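Note sheet for the following structure.
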Amino acid sequence: MLDHIFLTVSDTERSIAFYERVLPLLGITNRHDFDGHDGPPGHPDLKGFGAKGRVFFWLRQGEAVPGAVHVGFVAASEEEVNAAYAEAMAAGATEIHPPGPQLHYDPRYYAAQVRDLDGYTLEFVYKSWQH
Numbered sequence: 001m002l003d004h005i006f007l008t009v010s011d012t013e014r015s016i017a018f019y020e021r022v023l024p025l026l027g028i029t030n031r032h033d034f035d036g037h038d039g040p041p042g043h044p045d046l047k048g049f050g051a052k053g054r055v056f057f058w059l060r061q062g063e064a065v066p067g068a069v070h071v072g073f074v075a076a077s078e079e080e081v082n083a084a085y086a087e088a089m090a091a092g093a094t095e096i097h098p099p100g101p102q103l104h105y106d107p108r109y110y111a112a113q114v115r116d117l118d119g120y121t122l123e124f125v126y127k128s129w130q131h
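The opening residue of the sequence shown carries number 1 in full-length UniProt numbering; numbering runs sequentially from there.
Here it is in structure tokens:
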């Protein structure tokens, strides 16, 4: 199980606004900022998102490398996939594929994929057998 991930973004404030619109639809509602000066020398400022008392998705300012990262966010239902996809598109994402069954993986694998404002691929996924 992963504890956290850092995503390097080109414009932190723009990315915060994007993720603050999309992630709450998936139950990711906690927000926390970490001042890099509180860490070891050279530690970046971090903008965190999480749920259930944990912060696990962090943004940091820098040069985005969109082909390097794909992030899959768990959805609790097909409806959550649909809602997250719609909100991401409304917030400026670009479509990779709309919500629907991903038959190449499993007929019960329901997902949508978009590119965020830096071009990172995001997947909103509901796997019924894991709920």
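Note that the Cβ used here is the ideal one computed from N, Cα and C, for glycine as well. Quantities reported herein were computed from a predicted structural model and do not represent experimental measurements.
(message) If contacts are defined as beta-carbon pairs under 8 Å, then H4 and F73 qualify, I think. What distance do you get, rounded to the angstrom?
(response) Their Cβ separation, rounded to whole angstroms, is 14 Å, which puts H4 and F73 out of contact at 8 Å.
(message) If contact is defined by three or more beta carbon pairs under 8 Å, each pair taking one atom from either stretch, is the region 64 to 80 in contact with the region 15 to 28?
(response) yes
(request) For A64, collect the residues of the same chain with a Cβ closer than 8 Å to its Cβ; drop the 5 residues on either side in sequence, then sort them by chain order. (result) T8, V9, S10, D118, G119 and Y120
(request) Have a look at T94, G36, A112 and A88 and flag the residue whose alpha-carbon is nearest the alpha-carbon of L23. (result) A88
(message) Rounding to the nearest angstrom, what Cα-Cα distance links E80 and D38 in this structure?
(response) 36 Å
(request) Compute the Euclidean distance between the alpha carbons of G36 and P107, then round it to the nearest angstrom. (result) 44 Å
(request) Find out if the Cβ-Cβ distance for the pair Y110, E78 is shorter than 8 Å. (result) yes
(request) Look at Y85 and V125 and say whether their C-beta atoms are less than 8 Å apart. (result) no
(message) Using 8 Å as the threshold, is the C-beta distance between K47 and T94 below it?
(response) no
(message) Pull the bridge partners of residue 147 from the DSSP assignment, please.
(response) The displayed coordinates of the chain run from 1 to 131. Any statement about residue 147 would go beyond what the structure contains.
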